[in-house]
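Here the sequence shown stands for residues 38 to 179, where the numbers follow the numbering used here.
Note that CB positions come from ideal geometry on N, CA and C, so glycine has one too.
Read through the structure below, which is laid out as structure tokens, and then see the notes.
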Amino acid sequence: MISHIAYLSTQSFILNDSDLESLLQHARTSNALLGLTGILIHLDGHFIQFIEGDQPALEQIYKKITTDPRHFDLKILSEGSSTKRCFGAWDMYYKKLTNTQLNSLEASKNLKSYDHLKPLSAEAAEEVPALQLLHNFVEALS
Numbered sequence: 038m039i040s041h042i043a044y045l046s047t048q049s050f051i052l053n054d055s056d057l058e059s060l061l062q063h064a065r066t067s068n069a070l071l072g073l074t075g076i077l078i079h080l081d082g083h084f085i086q087f088i089e090g091d092q093p094a095l096e097q098i099y100k101k102i103t104t105d106p107r108h109f110d111l112k113i114l115s116e117g118s119s120t121k122r123c124f125g126a127w128d129m130y131y132k133k134l135t136n137t138q139l140n141s142l143e144a145s146k147n148l149k150s151y152d153h154l155k156p157l158s159a160e161a162a163e164e165v166p167a168l169q170l171l172h173n174f175v176e177a178l179s
């Protein structure tokens with residue numbers, strides 16, 4: 038079984054592009070070593086993240102995430118397990134959006150072009166509710 042966790046958090050301070058790139062490089066390296074995959078969305082001071090992998094590795098990385106001073110007010114949206122990965126191709130896919138982009142059709146087209154963010158089967162949505170949440174988020178962009 039593949040375990041997953043999805044959470045929402047609030048950024049503690051302004052992160053510039055260099056800060057975000059550094060965060061992503063570190064996350065991708067750690068995730069590759071631990072066999073974790075997922076998606077991170079940064080939206081005007083908030084993070085939405087879905088991470089999946091073996092339970093011990095997921096617990097290890099989430100413990101680090103909860104103590105990271107770059108964000109606070111973590112809210113778990115979903116945690117559980119499924120029979121297969123949802124984001125197996127990505128050590129950590131990243132998308133930064135502003136409220137303006139969120140309202141634009143272009144942002145919607147960019148996110149919807151990725152296979153894992155295309156419409157879900159009822160079976161997949163039931164197995165991984167957090168994935169349905171991400172799909173609903175993407176659908177709301179258009």
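Item to complete: Could you tell me which uninterrupted beta strand (DSSP E) segments, each at least 3 residues in length, are contained entirely in the region 90-142, listed from first to last along the chain?
Response: 108-119 and 130-134, all fully within the region 90-142.
Worksheet item: Buried or exposed: which applies to E143, given that a residue is buried once 16 or more other Cβ atoms fall within 10 Å of its Cβ?
Response: Note that E143 scores a pLDDT of 45, beneath 50, so its modelled location is shaky and nothing firm can be said.
Discussion item. Among the candidates G75, S49 and K101, whose CA atom is the shortest distance from the CA of G90?
Written reply: Between G90 and the set G75, S49 and K101, the nearest pair of CA atoms involves G75.
Worksheet entry | Outcome for H79 when other beta-carbon atoms lying within 10 angstroms are tallied against a minimum of 16 | Around the beta-carbon of H79, 16 or more other beta-carbon atoms lie within 10 Å, marking it buried.
Discussion item. So for L71, helix, strand or coil by DSSP?
Written reply: In this structure, DSSP gives L71 a helical state, which the three-state scheme calls helix.
Fill in: Buried versus exposed call for M38 [16 or more other C-beta atoms within 10 Å across all chains shown]
Burial call: exposed.
Discussion item. Please state the DSSP three-state secondary structure of L52.
Written reply: In the structure shown, L52 sits in coil (DSSP, three-state: anything other than H, G, I, E or B).
Item to complete: Return yes when the Cβ of H108 is within less than 8 Å of the Cβ of S49, no when it is not.
Response: Taking 8 Å as the cut-off, the Cβ atoms of S49 and H108 count as close.
Fill in: Close beta carbons around L28, own chain, < 8 Å, minus the five adjacent residues each side
No answer is possible for residue 28: it lies beyond the span of the chain, which begins at 38 and ends at 179.
Practice prompt. Inspect the beta-carbon positions of L57 and L73 and report whether they are closer than 8 Å.
Written response: For L57 and L73, no; Cβs fall outside 8 Å.
Discussion item. Less than 8 Å between C-beta atoms, sequence neighbours within five positions excluded: which residues of the same chain meet that for S40?
Written reply: Contacts found: E89, G90, D91, Q92, L95, E116, G117 and S118.
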